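Enquirer: The sequence shown begins at 1 in UniProt numbering and counts up one residue at a time. This structure is in structure tokens; I'll ask about it shortly.
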Amino acid sequence: MAAVKVILHCDLDCFYAQVERERLGLPQNASIAVVQWSMALAVSYPARKYGISRGSSVDDIRKAAGDNVTIVPVETIGGGSAEPRSNQNHPDLVNLRFTGVQATEKVSLARYRNASSQVFAAMAEVLSGYDAKLERASIDEAYIDVTVEVDRRPSRTLQL
Numbered sequence: 001m002a003a004v005k006v007i008l009h010c011d012l013d014c015f016y017a018q019v020e021r022e023r024l025g026l027p028q029n030a031s032i033a034v035v036q037w038s039m040a041l042a043v044s045y046p047a048r049k050y051g052i053s054r055g056s057s058v059d060d061i062r063k064a065a066g067d068n069v070t071i072v073p074v075e076t077i078g079g080g081s082a083e084p085r086s087n088q089n090h091p092d093l094v095n096l097r098f099t100g101v102q103a104t105e106k107v108s109l110a111r112y113r114n115a116s117s118q119v120f121a122a123m124a125e126v127l128s129g130y131d132a133k134l135e136r137a138s139i140d141e142a143y144i145d146v147t148v149e150v151d152r153r154p155s156r157t158l159q160l
């Protein structure tokens, strides 16, 4: 066994934006900002060209990109319902005001958790043919211990 462990870190970039792009059937190059209340939670790479980043306000997103960015609010639970609901046409989002909504509703990340489970199941399936250990670190990050697989292969030295 190697004296040094070989661990890979996997991070799914712009995960929430990718989930929404797929769900909404938008093209790969779509500019998307997923917002939680009035702040960007995830921003696709194409949307970043407008100067939008995680934490940008809905006001700033609209000022920077107008209608060139699809704003997708996360689902919420509350208001007398136990089921997550889409907020795509929520009047508070349209008016860029979120006063009161946070007091009666909670964010639902179920959509992203379900997508994450599918991704990790696919990763586990791919890794099942190898002696590798997958450890989930968060909804969109994992560590993969590939030490045994690396040890099995002859070492190669790169000559420059």
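Note that CB positions come from ideal geometry on N, CA and C, so glycine has one too. Keep in mind the model is a prediction, meaning the values are calculated, not measured.
1) Roughly how many whole angstroms lie between the Cα atoms of L55 and S155?
2) Just verifying my parser: in three-state terms, what is the DSSP assignment at I52?
3) What residue from M39, E135 and A121 has the CA that sits closest to N58's CA?
4) So which of S128, L134, R21 and D131 has the shortest CA-CA distance to P73?
5) Which two residues bound the contiguous beta strand (DSSP E) that contains K133?
6) Round the Cβ separation of V34 and Y16 to the nearest angstrom and send it over; I've been treating them as touching at under 8 angstroms.
7) Beta carbon of S155: closer than 6 angstroms to some heavy atom of the ligand FMN?
8) Might you give, ordered along the chain, the residues of its own chain that have their beta carbon closer than 7 angstroms to the beta carbon of N29, omitting 5 neighbours on each side?
9) Whose CA, out of R23, R48, I77 and E75, lies closest to the CA of A65?
10) Buried or exposed, going by whether 16 or more other CB atoms sit within 10 Å of the CB of Q118?
11) Using only the alpha-carbon positions, how far apart do D131 and V148 sit?
12) Going along the chain, which residues of its own chain have a beta-carbon closer than 6 angstroms to the beta-carbon of D145, five neighbours each way excluded?
13) Which same chain residues, not among the five before or five after E105, have their C-beta less than 8 angstroms away from its C-beta?
14) From E141, R152 and T70, pick the residue whose C-alpha is nearest to that of L24; which is it?
15) For I139, which residues from the same chain have a beta carbon less than 8 angstroms from its beta carbon, with the 5 sequence-adjacent residues on both sides left out?
16) From W37 to I61, what does the alpha carbon distance come to, in whole angstroms?
17) Residues in the same chain with beta-carbon distance under 6 angstroms from L127, minus the five sequence neighbours each way, listed in chain order, please.
Expert: Taking the definition as stated:
1) In the sequence as displayed, the identity of residue 55 is Gly instead of Leu. C-alpha separation (whole angstroms): 45 angstroms.
2) coil
3) With the sequence shown as reference, residue 58 is identified as Val, and Asn is not the correct amino acid for it. Comparing Cα positions, the closest option is M39.
4) Nearest option by C-alpha distance: R21.
5) K133 to S138
6) 4 angstroms
7) Judged by which ligands are present, the structure shown has none, so any question about the ligand FMN falls away.
8) Cβ within range, chain order: P46.
9) Per the Cα distances, R48.
10) exposed
11) 6 angstroms
12) So the qualifying residues of the chain are I7 and K133.
13) T76, I77, G78 and G79
14) Scanning E141, R152 and T70 for the CA closest to the CA of L24 turns up T70.
15) F15, L109, Y112, R113 and S116
16) 13 angstroms
17) L134
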